[in-house]
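Report on one structure; see the data block that follows.
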Amino acid sequence: MHVLLELLSLSVFGAFALVAAAETTVWGNYYNYWIKNGSTFDLTRGSSNGSITIQTSSKGNSSIVIDLAKTGMVIVDMQNFFLHPELSPSATAGRAAVAPTVETVLALRKAGVKILWVQWGLTPNDILGMPPSLLYGFASDGTPNSTFGSDMGTLSDGTHLGPLLMRDSWNAQAYGDLWPLQQAGLAFGTDFFFNKNRLSGINGRAETPLSIFLEDNSLTTLFFSGVNIDQCVWGTLLDAYYRGYDVILVEDMSATTSPEYATQMTLYNGAGDGWITNSTQILAALE
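With mature numbering (1 follows the signal peptide of the UniProt record, and there is no 0) as the guide, the letters of the sequence shown map in order to residues -21 to -1, 1 to 266.
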C-alpha cells in the first residue's frame, strides 16, 4: 500500500497516527510498515531505541534507519567445505570475506545485534528425505557414493574431514578465524547457530529452526552474508523477503565461486528486493 501524505496531514493506521511532511510516504500496514522521507527509508516501525542510519547503494543510493534490537546478522555457509584452500581452491573471494565478517560481527555484537550462523549440518534422516536434484548436485564424481554423507578422507596435514556436510564433521565446521569467533559468541549468548538441510535456511512450507527464531525474537530486519552469494545466501535472503522481512545484502562479506554474472544477478535483484551495503558502511553507522 502506498499512501502519500501532504504537508502536516494525518494518516491513521488502526490505533495510531503518523504526521509526515510533503515528501513522506508510508508503505505497508499497521503491523509492518516503512516510512520513506526523501531518500531515507525508516525501517524501525515506530521504535526509537538504538536506531542507526546506514548508507546503501540501492534505491537511488538511499539510506536506511534500522532498529538494532529488531535486527539480525545472518551468516550463511562460511564452512570449511566451501572455503578451505584444499577443499575449494577457487574460493579466494570467500576467504577474503572472512576479515570483514570478523570485524563486523564484533561491532554488531557490541551494539546488541543478534548474530545468526546458518550452515549445512545434515542428519541421516535428512539424507533419507533429500530430493535427487540436491543429491546429484553435491556428488563430487557424479555417483551416489560421493554425495552428502560420503567420507571425505583427510587433508594433507592428516585432519579427518568427516562425512560430507554432516553435523559435527570438520568439513561442516566454520572456516578459519570464524570458528573461534562463532564459538565465543555462542558461549557468550550473543550468537545463535542453525543447521539447515537445503540451500535456504528458511525453506519450504514447514517452519525451520531459523524461521522460528526470527518470529520468536520479533526480528524484522536482516543483514545477509556468506557463501555462495548466488546460491545459499540468495536462497535464504529470498525466502526471508517472501515472508516480509527487510533484507540487506552485505556485498563485501559475501562471495561465490560462480561466474561473475551470477553475482551481478544477485546484486541486481537484491537491490530491488531490499538493499545492498557493505561492512564499511555498517561500521561507519555504528561509530
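All C-beta atoms, glycine included, are put in the ideal place defined by N, C-alpha and C.
One alpha carbon belongs to N11, the other to L134, and they sit about 49 angstroms apart.
Selection V97, I181, F167, Q162 evaluated against L144 yields V97 as nearest (Cα-Cα). In the displayed model, L228 falls within a strand according to three-state DSSP. Unbroken alpha helix (DSSP H) stretches of 4 residues or longer found wholly inside the stretch 93 to 146: 103 to 107, 111 to 116, given in chain order. Along the length of the stretch 4 to 81, whole beta strand (DSSP E) runs at least 3 residues long occupy 12 to 16, 19 to 21, 30 to 34, 42 to 46, 50 to 55, reported in chain order. Three or more beta-carbon pairs separated by less than 8 angstroms link the stretch 232 to 247 to the stretch 72 to 85, which places the two stretches in contact.
A contact between stretches requires three or more CB pairs, one per stretch, nearer than 8 angstroms, and the stretch 142 to 160 meets this requirement with the stretch 59 to 76. Residue pairing for V206: DSSP places it in a beta bridge opposite A234. Here P111 is exposed: its Cβ has fewer than 16 other Cβ atoms, across all protein chains shown, within 10 Å. With a contact defined as Cβ atoms closer than 8 angstroms, S37 and S18 miss out at about 11 angstroms. Using a Cβ-Cβ distance cut-off of 8 angstroms, the stretch 90 to 106 and the stretch 160 to 180 are in contact, since at least three pairs of beta carbons, one from each stretch, lie closer than that value. Residue state for A163 is assigned as helix, using DSSP reduced to three classes.
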